[in-house]
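What follows is a short report on a single structure.
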Amino acid sequence: MVIDNVGVDSQGLSIEFVKQINMRLYEGLNDFESAGKFTKGRGEVFTSMIEWLDAHLTAAEPEIDRVTIAALAHMVVYFIHVFKDGNTRTSQLVQNYILLNSGYPPSCIPTDEFTTYQDLFVTIESMGSRDPRPFVRFIYRSLLYTMAKLEECVVKPEYVESVQSITSIQERRAAVM
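Under UniProt numbering, residues 1 to 177 are what the sequence shown spells out, in order.
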């Protein structure tokens, strides 16, 4: 798996870690020389955003919940588009790394929702302000979907129905644990 053994703190997020993810996506491919390297002119903004996200991830009393931080990290990698290729895949892996290290499963986007996922980026970009709320809500919904699918695989049917009635991710996580 790409996020295994990259030598980073399991709670933090760093520029080097994000570069490693992108580089490992392209190991062995023709254009490997550009893998894990920033395109010109975007590194400073990207670095400051990753440092801001890391500060919230590692804070003793974070002001932003980790699912929101994961969704914001996804948006940062996607919109700043700091790599020549693989920004979407890198953004998804960064998001899921944060979720996994926060005790959540990776967020899986249902196949029939992938167009909605792509349309969200177009809509957010066209708004100019890049308001993250629609995307954060989408990630919450996809995380609830993932948790429901996992529950179906491992839990008795009668228990699944009671857990699925819980709409809060934190409450659902506590009920399953």
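Yeah, the Cβ is synthetic: ideal placement off N, Cα and C, and Gly gets one too.
Identity of the residue in the options nearest residue i by Cα
| i | options | result |
| --- | --- | --- |
| residue 132 | 100, 70, 107, 147 | 70 |
| residue 36 | 26, 148, 44 | 26 |
| residue 102 | 56, 20, 22 | 56 |
Cβ-based neighbour list, residue i, same chain, cut-off 8 Å, excluding 5 preceding and 5 following
| i | result |
| --- | --- |
| residue 143 | 67, 99, 104, 105, 107, 169 |
| residue 110 | 142, 145 |
| residue 74 | 91, 92, 94, 95, 135, 139 |
| residue 63 | 56 |
| residue 6 | A caution first: residue 6 carries a pLDDT of 41, below 50, which makes its placement in the model too unreliable to give a value. |
| residue 115 | none |
| residue 49 | 76, 80 |
Whole-Å CB distance - residue i paired with residue j, under 8 Å assumed
| i | j | result |
| --- | --- | --- |
| residue 130 | residue 80 | The pair is not a contact, with the Cβ atoms about 10 Å apart (cut-off 8 Å). |
| residue 13 | residue 54 | 4 Å |
| residue 82 | residue 39 | 6 Å |
| residue 78 | residue 88 | 6 Å |
Cutoff 6 Å; reference residue i; Cβ partners in own chain excluding five residues on either side
| i | result |
| --- | --- |
| residue 4 | Residue placement at residue 4 is poorly supported in this model, since its pLDDT is 48, which falls under 50; the coordinates still yield a value, given next. Closer than 6 Å at the Cβ level, and outside the excluded window around residue 4, lies no residue. |
| residue 34 | 84 |
Residue i - partner residues in DSSP beta bridges
| i | result |
| --- | --- |
| residue 83 | 38 |
Cβ neighbours of residue i in the same chain (closer than 7 Å, five flanking residues each side left out)
| i | result |
| --- | --- |
| residue 124 | 130, 131, 134, 135 |
| residue 29 | none |
| residue 23 | 35, 36 |
| residue 45 | 80 |
| residue 47 | 15 |
Residue i - containing alpha helix (DSSP H), residue span
| i | result |
| --- | --- |
| residue 103 | Careful: residue 103 lies outside any alpha helix (DSSP H) and carries neither H nor E. |
| residue 144 | 133-154 |
| residue 43 | 43-58 |
| residue 24 | 15-25 |
| residue 125 | 114-127 |
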